[in-house]
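Structure record follows, encoded as structure tokens.
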Amino acid sequence: LTLLLLLLLLLGGAPQVLPVRLLSQVLFRVVTFGLNAFTLRYLSRELIGVVNVRLTLLYSTVVFLAREAFRRACLSGSAKRNWTKTINLLWLTVPLGVFWSLILGLVWLHLLEVPDPSVVPHYQAGVVAFGLSAIIELLGEPFWVLAQAHLFVRLKVIAESLSVVSKCILTVTLVILYPQWGLYIFSLAQLLYVSVLVMCYVIYFVMFLGSPEATKKSFPVARIKALLPSFVEDETFVNWKEARLTWSFFKQSFLKQILTEGERYVMTFLNVLNFGDQGVYDIVNNLGSLVARFIFLPIEESFYVFFAKVLERGKTVKDQKQDDVAMAANVLELLLKLVLLIGLTITVFGYAYSQLALDIYGGSMLSSGTGPNLLRCYSLYVLFLAVNGVTECFTSALMCKEEVDRYNFVMLALSFIFLCISYFLTHWYGSVGFILANCFNMGIRIAHSTHYIHHYFRESTHRPLTGLLPSPALLLVYTLSAVVTAFSEMLFCCDKGWMARLIHISTGALCLAATLVAMFCAETKLVHFVRSQFLSRYLKKGT
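Mapping of the sequence shown onto mature numbering (1 follows the signal peptide of the UniProt record, and there is no 0): residues -19 to -1, 1 to 524, in sequence order.
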């Protein structure tokens, strides 16, 4: 998939409208999925837990604290600016990264629980390597910001694709040849990843600057030397307006990082899970989130643009064009129905097939412990994710600035509540508590968004929230499918041989076929909506 994506981009065949962030997220999720499936056969879950949770958290924390504020400040406003001063400011990320690597590295080495060397060898080398990798990546920050400001979309995706491919090839090779190396394997792979990423940007700008294409575009930087720190006579070293803006963003970085990586910080600092359970949780989390990233994220990103174009932000439903209101309400209702049915299907069939999926994916190490219950709960969480994605997509496109500010405050409070609930639920229910806490968090967010939607359409005849009410006949089929597949799992899964597994899979296939037939019969409006490519026409009109 990575090589195919790279080839398409090099040939110019990738859709220009596809968001780069989506490409990157899908790429990383798929590669992580495949890499974990392979390494589980050779390495312990404790080792994978230390790498995917403990060391990755160190790397992401250093990188975030060192560069997030600078990125937000230097990408604010127009691309026309004094780039010499902006580049000087961006180079300050490197000493800041060194500072955070040293401080956090000492914390990771001396204050946190150290893994058993017989199970997870070379932990100290891993901490040093992941901290060093963060510093190396920061060396490419001026190049990254310059490319981002001038919309070098293809460069970003190619650089990330090459770095991921290089990392995967080295990891697989070392895991096969030298599995006893432990964290040395992932340390070398991480260093290779960031080195290739930075070198892609450097090599591109070495070739691009001074070329006829750069001259034609009136690119603000003429030679590669201008991308290094430099003093300008009678001028300040940095743009102090950008510097003050960076400081403002920097003060928010601590809180944002804690909220973004809340689960990992709870695992790392509060010792609520051992390293093995952390590894299983991370694997199941990556496995479950693939569905959300592949299916729901494209819907959210596309229809955010649609709703923002069709309806005007900050205006009541009476002040909008009524044809556009009817269009938006109809699309919202059918979108809610679509994601609800997808989510219900994953929840119903995910319960009975979680153990089988994990057994095929990672063997008995995943299917015999807490893994199946984790994936079952995640299947329920996918339903919450599905509904929340569409409801928040609509509200985010319509809320005025004051409403957005209030909502951000609500989200901040919810994040703190989520961290507290995660701690207690994890103590009571183990790693399943994290997913239950996420379900609670998403439920509150859905309640907030549906209240906004209900209030917004209150003065009109449209009721798009009826999309959250599937037909009773379809609910009955879902219930029967859940019961039949649950009994099938009890009788045929998963230690009774491949013939029993095939019977279990066939039972699920028949139940899924019956569910789809019921869906086609009961939800004719939705079927017509999808068949006639109604969504595509609305998107074209909206854009």
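Glycine is no exception: its CB is placed at the ideal position from the N, C-alpha and C atoms.
Around the C-beta of I166, 16 or more other C-beta atoms lie within 10 Å, and the residue is accordingly described as buried.
Taking G78 as the centre and dropping the five residues before and after it, the same chain places the C-beta of V43, A47, A115, I116, L119 closer than 7 angstroms to its C-beta, in chain order. The alpha carbon of V153 has as its nearest neighbour, out of F19, T249, G30, Y246, the alpha carbon of F19. Contact holds between the stretch 354 to 365 and the stretch 412 to 421, because three or more Cβ pairs, one in each stretch, are under 8 angstroms apart.
Counting only residues of its own chain and dropping the five nearest sequence neighbours on each side, L113 has a CB closer than 8 angstroms to the CB of S82, L172.
Less than 9 angstroms separates the beta-carbon of H131 from that of K198.
Nearest Cα to M471 within the set L337, F397, I150, G411: L337. Distance between I341 and D476, taken at the CA atoms: about 12 angstroms. Only buried fits N69, as 16 or more other CB atoms lie within 10 angstroms of its CB. Out of T297, R22, T505, the CA that lies nearest to the CA of A454 is found in T505. For T37, the closest alpha carbon among the candidates L71, Y104, R22, Y23 is that of Y104. In the displayed model, L190 falls within coil according to three-state DSSP, outside both helix and strand.
In its chain, beyond the 5 residues on either side, Y182 have a beta carbon closer than 7 angstroms to the beta carbon of W125. Within its own chain, the residues whose Cβ lies closer than 7 angstroms to the Cβ of E94, once the five positions on either side in sequence are excluded, are N252, listed in chain order. Distance between V391 and L406, taken at the CA atoms: about 22 angstroms.
DSSP, read as helix, strand or coil, puts M380 in coil. The DSSP-derived three-state label of K477 is coil. Cα atoms of V31 and V265: separation of roughly 15 angstroms, rounded to the nearest angstrom. Ranked by how close their Cα comes to the Cα of R26, the residues L87, V101, A170, V138 have V101 in first place. Here V100 carries a coil assignment [DSSP, helix/strand/coil].
Check the Cα spacing between G489 and each of C474, A503, L395: the tightest is with C474. The beta carbon of N369 lies closer than 8 angstroms to those of M423, R426, I427, S430 in the same chain, with the five residues before and after it left out. The stretch 128 to 188 is shown to contain no whole beta strand (DSSP E) run of 3 or more residues. Excluding its 5 nearest sequence neighbours in each direction, F397 has no C-beta neighbour in its own chain below 6 angstroms. Contact holds between the stretch 325 to 332 and the stretch 456 to 465, because three or more Cβ pairs, one in each stretch, are under 8 angstroms apart. By the neighbour-count criterion, in which 16 or more other beta carbons inside 10 Å mark a residue as buried, T496 falls on the buried side. Residue environment analysis places M188 among the exposed positions, since fewer than 16 neighbouring C-beta atoms fall within 10 angstroms of its C-beta.
For E242, same chain residues with a beta-carbon under 8 angstroms away, outside a window of 5 residues either side, are L38, S41, T42 in chain order. Non-local beta-carbon contacts of G448 in its own chain, meaning distances under 6 angstroms to residues more than five positions away in sequence, involve E314, L317, K318 in chain order.
With respect to the C-alpha of A309, the residue from S270, V320, Y437 having the closest C-alpha is Y437. Straight-line measurement puts the Cα of V247 at about 41 angstroms from the Cα of S452. It is roughly 8 angstroms from the alpha-carbon of P445 to the alpha-carbon of V312. Counting C-beta atoms within 10 angstroms of its own C-beta, K299 has fewer than 16 neighbours from the protein chains shown and is therefore classed as exposed.
L483 sits in a helix when the DSSP states are folded into three classes.
DSSP, read as helix, strand or coil, puts T67 in helix.
DSSP, reduced to helix, strand and coil, places S345 within a helical segment of the structure shown.
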